[in-house]
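Let me begin by presenting the structure, written as structure tokens, before commenting on it.
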Amino acid sequence: MLRFAALRVYRKDALVRAEIIKINTEVPEPSLIRYAADQIRAGQVLGMPTDTFYGLAADPLNLRAVERVYEIKSRSRHKPLSLLIESTDQAEDLAKPLPEEFYQLARRFWPGPLTLIVRAASRLPLKVTANTGNVALRIPGSKIPLAVVRAAGLPITATSANLSGAAECTTAVEVRDQLQDRISIIVDGGTSPREIASTIVDLTNPESRWKVIREGAIPSQEISEFFAQGSTTAG
Numbered sequence: 001m002l003r004f005a006a007l008r009v010y011r012k013d014a015l016v017r018a019e020i021i022k023i024n025t026e027v028p029e030p031s032l033i034r035y036a037a038d039q040i041r042a043g044q045v046l047g048m049p050t051d052t053f054y055g056l057a058a059d060p061l062n063l064r065a066v067e068r069v070y071e072i073k074s075r076s077r078h079k080p081l082s083l084l085i086e087s088t089d090q091a092e093d094l095a096k097p098l099p100e101e102f103y104q105l106a107r108r109f110w111p112g113p114l115t116l117i118v119r120a121a122s123r124l125p126l127k128v129t130a131n132t133g134n135v136a137l138r139i140p141g142s143k144i145p146l147a148v149v150r151a152a153g154l155p156i157t158a159t160s161a162n163l164s165g166a167a168e169c170t171t172a173v174e175v176r177d178q179l180q181d182r183i184s185i186i187v188d189g190g191t192s193p194r195e196i197a198s199t200i201v202d203l204t205n206p207e208s209r210w211k212v213i214r215e216g217a218i219p220s221q222e223i224s225e226f227f228a229q230g231s232t233t234a235g
């Protein structure tokens, strides 16, 4: 039997509030992980803890689910969605031939708060890439989302679980209070382990090879030093 921290449907000012499902962060309960994965495979959008902020988890190959992510956030369709994956093998299914810098950074910083932008494979919907031809990938250093990705057998979206322009959420309750009736299920993995976004590195320009376009949890200097010290021997 599934164990839910809260099976009640919260109501305030006639709004139907999200169901919150508490999952152990260190030893995620398999039944609850399967439930979350099944909901995503069925086309639902879930609030999901990560190793940075809470995110919106959906099947990126389901166009209705992807559209729902944009609606929930009131996000511009010109902004692509990042994805959480479980392995570099999965990355190879989602991207065109990956540059060596991708493997170097993946060996050094994954699982962890580093997002890598690469050229997207044709199987990814244009809604996910926002017609950029690129996709942002990351293996999270958090057991819950990684377990959900593995149980679902597919990558999941990872855009932050907040309204565009609003503060990012670090708890399930913050997600529920901010998104209210826009979302129906939130996985509660406790408070986010850090209050800073992932660092984003663009690997799509063969001339520059790599470029930090957002400094976050991993300092730009650490990445620069990694390459300067001879990353080809790393990992």
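Residue numbers (our numbering): 1 to 235.
A virtual CB, placed ideally from N, CA and C, is assigned to each residue, including glycine.
The model shown is predicted, which means the values in this text are computed figures rather than measured ones.
Please classify residue i: is it buried, with 16 or more other beta-carbons within 10 angstroms of its beta-carbon, or exposed?
| i | result |
| --- | --- |
| residue 221 | exposed |
| residue 79 | exposed |
| residue 141 | buried |
| residue 229 | exposed |
| residue 162 | buried |
| residue 225 | exposed |
| residue 160 | buried |
| residue 74 | exposed |
| residue 36 | buried |
| residue 195 | exposed |
| residue 30 | exposed |
Roughly how many whole angstroms lie between the Cα atoms of residue i and residue j?
| i | j | result |
| --- | --- | --- |
| residue 176 | residue 216 | 25 Å |
| residue 205 | residue 101 | 11 Å |
| residue 179 | residue 210 | 35 Å |
| residue 44 | residue 153 | 15 Å |
| residue 202 | residue 119 | 10 Å |
| residue 111 | residue 193 | 14 Å |
| residue 13 | residue 191 | Caution applies to residue 13, whose pLDDT of 44 falls short of 50 and renders its modelled position unreliable; the model cannot decide the point. |
| residue 51 | residue 25 | 11 Å |
| residue 174 | residue 39 | 21 Å |
| residue 1 | residue 55 | The pLDDT assigned to residue 1 is 46, lower than 50, so where the model puts this residue is not dependable; a value taken from the coordinates is nonetheless given after this. About 26 Å. |
Keeping to the same chain, check which residues put their C-beta closer than 8 Å to that of residue i; ignore five residues upstream and five downstream.
| i | result |
| --- | --- |
| residue 33 | 23, 144, 147, 148, 151 |
| residue 207 | none |
| residue 85 | 91, 94, 137, 138, 139, 149, 155 |
| residue 125 | 60, 61, 63, 66 |
Beta-carbon separation of residue i and residue j under 8 Å?
| i | j | result |
| --- | --- | --- |
| residue 47 | residue 65 | no |
| residue 213 | residue 114 | no |
| residue 166 | residue 53 | no |
| residue 171 | residue 57 | no |
| residue 105 | residue 116 | yes |
| residue 123 | residue 82 | no |
| residue 96 | residue 121 | yes |
Once you ignore the five residues that flank residue i on each side, which residues in its own chain have a CB closer than 7 Å to its CB?
| i | result |
| --- | --- |
| residue 132 | 80 |
| residue 109 | 218 |
Leaving aside the five residues before and after residue i along the sequence, list all residues of the same chain whose C-beta is less than 6 Å from its C-beta, in chain order.
| i | result |
| --- | --- |
| residue 27 | none |
| residue 200 | 115, 213, 214 |
| residue 88 | 106 |
| residue 168 | 53, 160, 162 |
Q) Should the segment 64-84 be regarded as contacting the segment 184-197, the criterion being three or more beta carbon pairs within less than 8 Å? A) Contact between the segment 64-84 and the segment 184-197 is not established, with fewer than three Cβ pairs separated by less than 8 Å.
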